[in-house]
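Q: Under our numbering, the sequence shown has 323 at position 23, and the numbering climbs by one with no breaks.
Ideal placement from N, C-alpha and C gives every residue a C-beta, glycine not left out.
The structure that follows is given in the form of structure tokens.
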Amino acid sequence: MPTPPRSAAGGHPRAGTSSPTSSPTSATASESSTTARVDVAEWLAQAIFENRYPPGSLIPRELDLCDQHAQSRATVRTAIQSLVNAGILTRTTGQGTRVNPLSEWHLLDPRVTGWMTRYAMPHPQLARDIYAFRISIEPFVAALAATEATAQDLSAIEQAYDGMAAAVHGGSAMEEFDRADIAFHDAIFAATHNVIWAQLGHVLKPSISLLVATSNHNASELGDSLGRHRAVMEAIRLRQPEAAHAATLHVLDRTGRDLGLAMPEVTDGPHGVGRAQEPLELLRRFGQLPSLSAPLSRE
């Protein structure tokens, strides 16, 4: 069993705000002044998403969690049940509570997406799956935006791009670049004017932001990333769907390299990206890359 992560007092998971659970007759002045205690559900989620309890492993027993975090058994049981409800854990009588395979996690549950955004990196399988998802849909979404975007949509995309450029050229904090980058992709989803794509972009924004932030933090040249995003913006503005499709794959090529995920070779075509880069073909080749069996680079 992995070594349990340290509590918030030890500098790992964030502390919650739950109050002590004691009867009025047993409560003391010292207990009433106790500092905020760990949110056990949050603590477990962080440990699991950070792969300290990988799929198939057992989490600590209820009583051990009670002792470790000074919480009542009812509080700990409720915390565990919240992760069971999210598909992350399974409880088996007499065998303990085990972490489920990633495929069973409810990644579109708002609380789960929040945990994923805060804690999931480095999680190699999750990063690869999110990246494959982006390859499969974002080029199409950009192409659709190139045919459907209104003047207001183009303004929102340009405003996000300008925020990225200001962060690069003005030396702003990396977080400013990340926020603008996420807004850029969100504006493209909205520009499709397809209620499903627009809503999907909103629901999946935490997972997209997870890769955006990580790839940008690893990028050696943010200026290169900025130029690739500009090509997407210009293709959408000029209503060139094929160019928008190709430019988006070009952005994702950079993202993949920044994440340590190799991309298939690019063959020249009318827009600089050959037919071998079409999403379905790319996904087939992507799944065969030997680099996907190794953890992500942390350089």
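How would you call Met416, buried or exposed, if buried means at least 16 neighbouring beta carbons within 10 angstroms?
A: What you label residue 416 is simply residue 116 of the sequence shown in a count that begins at 1. Label assigned to Met416: buried.
Q: On the premise that Pro355 lies in contact with Asn288, defined as a C-beta separation below 8 Å, what is that separation, rounded to the nearest angstrom?
A: In the structure displayed, the chain extends from 301 to 599; residue 288 sits before or after that span and is not available.
Q: Can you tell me whether Thr334 is buried or exposed? The criterion is at least 16 other CB atoms within 10 Å of its CB, across all chains shown.
A: As a working note, residue 334 is residue 34 in the sequence shown. Only weak support is given to the placement of Thr334: the predicted model assigns it a pLDDT of 42, under 50, and the value that follows is read from those uncertain coordinates. Its Cβ having fewer than 16 others within 10 Å, Thr334 is exposed.
Q: Using a threshold of 8 Å, state whether the C-beta atoms of Leu559 and Ala427 are closer than that.
A: By 1-based counting over the sequence shown, the position of residue 559 is 259. By 1-based counting over the sequence shown, the position of residue 427 is 127. For Leu559 and Ala427, yes; Cβs fall inside 8 Å.
Q: Go through its chain and collect everything with a Cβ distance to Ala387's Cβ below 7 Å, but skip five positions before and after it.
A: Position 87 of the sequence shown, counted from the first residue, corresponds to residue 387. With the sequence shown as reference, residue 387 is identified as Gly, and Ala is not the correct amino acid for it. Asn400, Glu404, Trp405 and His406.
Q: Can you tell me which of the three DSSP states Thr450 falls into?
A: Taking the first residue of the sequence shown as position 1, residue 450 is located at position 150. Coil, per DSSP.
Q: Quick one: Cα of Ala498 to Cα of Val468, how far?
A: Walking along the sequence shown from the start, residue 498 turns up at place 198. Walking along the sequence shown from the start, residue 468 turns up at place 168. Their Cα atoms are separated by approximately 28 Å.
Q: For the alpha helix (DSSP H) that contains Gly523, what are its first and last residues?
A: Residue 523 sits at position 223 when you count from the first residue of the sequence shown. Run containing Gly523: Leu522 to Arg537, per the alpha helix (DSSP H) assignment.
Q: With the cut-off set at 8 Å, would you say Leu383 and Ala341 are in Cβ contact?
A: For the purposes of this step, residue 383 is taken as residue 83 along the sequence shown, with counting starting at 1. For the purposes of this step, residue 341 is taken as residue 41 along the sequence shown, with counting starting at 1. Yes, they are a contact pair.
Q: Give me, in chain order, the residues of the same chain whose beta-carbon lies closer than 6 Å to that of Ala449; leave out the 5 immediate sequence neighbours on both sides.
A: Counting from one through the sequence shown, the residue named residue 449 turns up at place 149. Same-chain partners within the cutoff: Ala491 and Ile536.
Q: In three-state terms, what does DSSP make of Arg391?
A: Here residue 391 is taken as the residue at index 91 of the sequence shown, counted from 1. Arg391: strand per DSSP, three-state reduction.
Q: Between Pro360 and Ala442, what straight-line distance do the alpha-carbon atoms span, to the nearest angstrom?
A: Start at 1 with the first residue of the sequence shown, and residue 360 comes out as number 60. Start at 1 with the first residue of the sequence shown, and residue 442 comes out as number 142. Between Pro360 and Ala442, the C-alpha separation is close to 45 Å.
Q: Taking the beta carbon of Arg373 as the centre, do at least 16 other beta carbons fall within 10 Å, making it buried, or is it exposed?
A: Along the sequence shown, one-based indexing puts residue 373 at 73. By the 10 Å Cβ count, Arg373 comes out exposed.
Q: Output needed for Thr548: all residues of its chain with C-beta closer than 6 Å, excluding positions within five of it in sequence on either side, in chain order.
A: Within the sequence shown, residue 548 is the residue found at index 248, counting from 1. The residues are Glu438, Pro439, Ala442 and Val532.
Q: Which of the three DSSP states, helix, strand or coil, is assigned to Arg337?
A: Counting from 1 along the sequence shown, the entry for residue 337 is found at position 37. Reduced to three states, the DSSP call for Arg337 is coil.
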